[in-house]
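Using the UniProt record's numbering, you'd call the opening residue of the sequence shown number 1 and step up by one each time.
Okay, so here's the structure we're looking at.
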Amino acid sequence: MNYQEFYQESIVSPENFWKKQAQQLEWFKYPKTILSKDNHDYYQWFEDGQLNLSYLCIDKHIKDGFGEQNAIIYDSPVTNTKQYITFNELHKEVSKLAGGLQELGLSKGDTCIIYMPMIPQALYAMLACVRIGVIHSVVFGGFAPHELAIRIDDCKSKAVITASHGIEISRIIPYKPFVDEAINQAEHKPSRVIVFDREQNVEIPVKDYDVDYKNLVKNAPSIDAIALPANHPSYILYTSGTTGKPKGIIRDTGGYATALKFSMKYVYGVAEGETYWAASDVGWVVGHSYIVYGPLLNRNTTILFEGKPIKTPDASTFWRVISEHKVKVMFTAPTAIRAIKKEDPEGDFIKKYDLSCLKYQFLAGERCDVATLRWTEQHLRVPVVDHWWQTESGWPMLANMVGVQLQEVKPGSASLPVCGYDIQILNEEGHEVEAGVEGLVTAKLPLPPGTLMNLWGNPQRFKSGYLDKFPGYYFSGDGGYKDEDGYIFITGRVDDIINVAGHRLSTAEMEEVVASNKSVAECAVFGVHCDIKGQKPLGLVVLKSGINTNYTAIQKEIIQDVRKEIGAVASFKDVLVVNRLPKTRSGKILRKLLRNIADEQQYNIPSTIDDVTIIDEIKSIYETHHIGIH
1 MNYQEFYQES IVSPENFWKK QAQQLEWFKY PKTILSKDNH DYYQWFEDGQ
51 LNLSYLCIDK HIKDGFGEQN AIIYDSPVTN TKQYITFNEL HKEVSKLAGG
101 LQELGLSKGD TCIIYMPMIP QALYAMLACV RIGVIHSVVF GGFAPHELAI
151 RIDDCKSKAV ITASHGIEIS RIIPYKPFVD EAINQAEHKP SRVIVFDREQ
201 NVEIPVKDYD VDYKNLVKNA PSIDAIALPA NHPSYILYTS GTTGKPKGII
251 RDTGGYATAL KFSMKYVYGV AEGETYWAAS DVGWVVGHSY IVYGPLLNRN
301 TTILFEGKPI KTPDASTFWR VISEHKVKVM FTAPTAIRAI KKEDPEGDFI
351 KKYDLSCLKY QFLAGERCDV ATLRWTEQHL RVPVVDHWWQ TESGWPMLAN
401 MVGVQLQEVK PGSASLPVCG YDIQILNEEG HEVEAGVEGL VTAKLPLPPG
451 TLMNLWGNPQ RFKSGYLDKF PGYYFSGDGG YKDEDGYIFI TGRVDDIINV
501 AGHRLSTAEM EEVVASNKSV AECAVFGVHC DIKGQKPLGL VVLKSGINTN
551 YTAIQKEIIQ DVRKEIGAVA SFKDVLVVNR LPKTRSGKIL RKLLRNIADE
601 QQYNIPSTID DVTIIDEIKS IYETHHIGIH
């Protein structure tokens, strides 16, 4: 198949193109209306169709005679556990949990937060919710109680499904106390907390609202999946916003199922029955789309991995999993490859395993540098595909569509637009720029199926954040450029969202925490380059006059504050004390200038700066603390 012809069909005739793709699914009621607009004048897909994600991920395959195929392989080096879960077993667990949720009073349209480690019960919970039309919101298990409380309040969750604890390389993370503290902080109080005890002698505080997961499932009836409208929200997934208040991305049901099924075949090149592994977490969009729904929709065996690329037990763990479970296609973040490369620069561990099963290695979550791409190609000896997408899109926007036609790999580029995405690089005035000129990355409307429907409870923020800047276009928030062959290079965020090891985090939110410290007069938090994680946050603080000069104690206190409020995932470890911050004459802190100096990039000193001598002060402080010295 020719990529250009296939892609052009999706852009010229989107309704016909996606109508054909929707026919790959089993609908309870096949849609007659393919593309329409909602009451906010925004495009929606398949509005009069009816289907169910849980049915498509489980029941359909059993009906087709594949009940004994492995649906999930749970591989947990942190607990030394492996579990093989067939579609029949998955059906039993999910249908009974759905019955239990129903008996607790949850029904179509209710919301439920899932705060779980990477264990099978996290997947059961997601699939049980969509089975009965309960809108789930998975919150990454490492997030602090404050962040969890914000999400409870925003989505008004009727219940929380959690586990006793999570397991990191060298420590136990107590989930249940975090949930209790979050409920204590939240204005909205969920009526039930369903707790899965991992039975590793971790004390679980008991509250009146608690329900034991195992007893609930044991005594519950097994129930069928219900028919849901295609535009029924399947889940809410929170992503950092520039205001510090998280944005609840709403994903539909019919468009999402259509897009994911399409992507497994045409983007990832994986056939039904093969084993697929996305080394991510269910708290992120990759986990939703490519640990749970995408592979299971496509009748792939999905790998559920509880561990890290290194130290569980060493840098060989990814290659062991691929070899042992016959993984055909793998997807991870460049951060993981960089961590492995640091521990095993010559790829000696790779040579110890038979990786002949692996056909493609995909990378995404942050920009892939050339050195990481080349190292991965050299040692794996398969096509290594950098691709780009967002929580908002739900599935790839730029990729080398290996299931259509494997194209040339250009280091630094996430390749070409995926079917349905009319990607254009615009200047601030909304005009398309010439090849090689950097601008703002947009997609002409309508977006293809599977992308965000709206923001939970905040359609105005949805319009102002994504649609108003360029009428008729979706604004991605990223900058980039297109070369003469149409390849697109993403250069990074144009706001204050930073990408730490694939996790999008708001520096505005961190800045709010730093500014609240009693010793801090003013501050700036921004992202700087990190060889391992892509970016990391750096805080510059000006202390109040008369503050004791024990800077170390203050720095530790600030780092601890951010860790407590946002979580360890922020990787906030660098705080420098400065006498003043560079500002414009109107008082705006020049964060981009601070970032460019740290990253040793060329920079122009704005004519509006109030005191140019501060630049040398900042450079001196950076050099003293080895910031920007790679």
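Note that beta-carbon positions come from the ideal geometry of N, C-alpha and C, so glycine has one too.
Since this is a predicted model, take the numbers as computed values, not measurements.
Keeping to the same chain, check which residues put their C-beta closer than 6 Å to that of residue i; ignore five residues upstream and five downstream.
i      : result
PRO448 : GLY420
LYS19  : ILE34
VAL321 : ASP75
GLU15  : ILE34, LEU35
ASP197 : SER164
GLN83  : TYR74
PRO295 : TYR276, THR302
TYR209 : ARG192, VAL193
Cutting at 7 Å between CB atoms, please list the residues of its own chain near residue i, excluding the five before and the five after it.
i      : result
GLY100 : LEU216, VAL217, ALA220
THR182 : What sits at residue 182 in the sequence shown is Ala, not Thr. Excluding residues within five positions, the ones whose Cβ falls inside 7 Å are PRO145, LEU148, ALA149, ILE152.
ASP59  : HIS91, ALA225
VAL583 : Here residue 583 is Lys; the residue named in the question, Val, does not match the sequence. Once the five neighbours on either side are set aside, the close Cβ partners of LYS583 are ILE589, LEU590, ASP610.
ASP180 : PRO205, LYS207
ASP354 : SER323
TRP319 : PHE349, ILE350, TYR353, LEU355
ASN517 : GLU557, ILE558, ASP561
MET1   : VAL404, GLN405
THR317 : PRO77, GLY307, PRO309
LYS32  : ASP48
LEU581 : GLU522, ALA524, LEU540, VAL542, ILE589
PRO459 : HIS40
ASP344 : ALA315
I think residue i touches residue j, with their Cβ atoms under 8 Å apart; what is that distance to the nearest whole Å?
i           : j      : result
LEU151      : PRO246 : The sequence shown places Arg at residue 151, not Leu. Sure, about 7 Å apart at Cβ, within 8 Å.
MET116      : THR81  : About 15 Å; that fails the 8 Å criterion.
SER164      : SER137 : Not a contact, Cβ separation roughly 21 Å.
GLY287      : SER280 : 5 Å
residue 664 : VAL433 : As shown, the chain starts at 1 and ends at 630. That puts residue 664 outside it, with no answer to give.
PHE140      : GLY283 : 3 Å
GLN405      : VAL384 : GLN405 to VAL384, Cβ: 17 Å. No contact.
ILE490      : VAL441 : 7 Å
THR275      : ILE169 : Not really, about 25 Å apart at Cβ, beyond 8 Å.
GLY78       : GLY430 : Per the sequence presented here, residue 78 reads as Val, with Gly not at that position. The Cβ separation is near 50 Å, so there is no contact.
Taking the Cβ atom as the reference point for each residue, do residue i and residue j lie within a distance shorter than 8 Å?
i      : j      : result
TYR3   : GLN407 : yes
ARG461 : LEU467 : no
LYS328 : VAL270 : yes
ALA278 : TYR293 : no
ALA257 : LEU25  : yes
ALA521 : LYS556 : no
ASN300 : MET264 : yes
SER107 : ILE85  : no
GLY142 : VAL525 : no
ILE621 : VAL578 : yes
SER393 : THR335 : no
LEU304 : MET118 : yes
ALA71  : PHE46  : no
LEU56  : VAL94  : no
ILE310 : ILE340 : yes
PRO174 : VAL202 : yes
TYR30  : PRO417 : no
SER134 : CYS112 : Note that residue 134 is Val in the sequence shown, not Ser. Contact: yes.
LEU380 : LEU358 : yes
MET401 : ILE250 : no
LEU97  : ALA122 : no
CB-CB under 8 Å to residue i, same chain, minus the five flanking residues each way: which ones, in chain order?
i           : result
residue 636 : Shown here, the chain extends from 1 to 630; a query on residue 636 therefore has no answer.
residue 717 : No answer is possible for residue 717: it lies beyond the span of the chain, which begins at 1 and ends at 630.
PRO396      : SER263, VAL267, ALA364, HIS387, TRP388, TRP389, VAL418
PRO190      : ILE113, ILE152, SER157, LYS158, ALA159, VAL160, ILE183, TYR209
residue 655 : Residue 655 cannot be examined here, being either before or after the span of the chain that is shown, 1 to 630.
* Asked: Taking three-plus beta-carbon pairs below 8 Å as touching, is the stretch 493-502 in contact with the stretch 354-369?
  -> As far as the Cβ criterion goes, the stretch 493-502 touches the stretch 354-369, which means the pair count is three or higher.
* Which parts of the stretch 244-315 are runs of the alpha helix (DSSP H), unbroken and 4 residues or longer, counting only runs that do not cross its ends? -> Whole alpha helix (DSSP H) segments, 4+ residues: 254-266, 294-297.
* Asked: Between the stretch 506-515 and the stretch 564-572, do at least 3 Cβ pairs fall closer than 8 Å?
  -> Yes: at least three Cβ pairs fall under 8 Å.
* Pick out the complete beta strand (DSSP E) segments inside the stretch 367-397, 3 residues or longer, and give them in chain order. => Counting whole runs of 3 or more residues, the stretch 367-397 contains the beta strand (DSSP E) stretches 384-386.
* **Complete runs of the alpha helix (DSSP H) confined to the stretch 512-570 [at least 4 residues]** => Fully enclosed alpha helix (DSSP H) runs of 4 or longer: 551-565.
* Within the stretch 396-440, ranges of the beta strand (DSSP E) (whole runs, at least 3 residues) -> As far as the stretch 396-440 is concerned, its whole beta strand (DSSP E) runs of at least 3 residues are 422-426.
* Asked: Can you list, in chain order, the stretches of the alpha helix (DSSP H) that have 4 or more residues and sit fully within the stretch 1-32?
  -> Qualifying alpha helix (DSSP H) stretches, in chain order: 3-12, 14-22.
* Quick one: complete beta strand (DSSP E) runs, 3+ long, within the stretch 88-164? -> List check, beta strand (DSSP E) in window: 111-115, 135-138, 159-163.
* To do: Any chance you could list the alpha helix (DSSP H) runs of at least 4 consecutive residues sitting entirely within the stretch 56-88, in chain order?
  => With a minimum length of 4 residues, the unbroken runs of alpha helix (DSSP H) contained wholly in the stretch 56-88 fall at 60-63.
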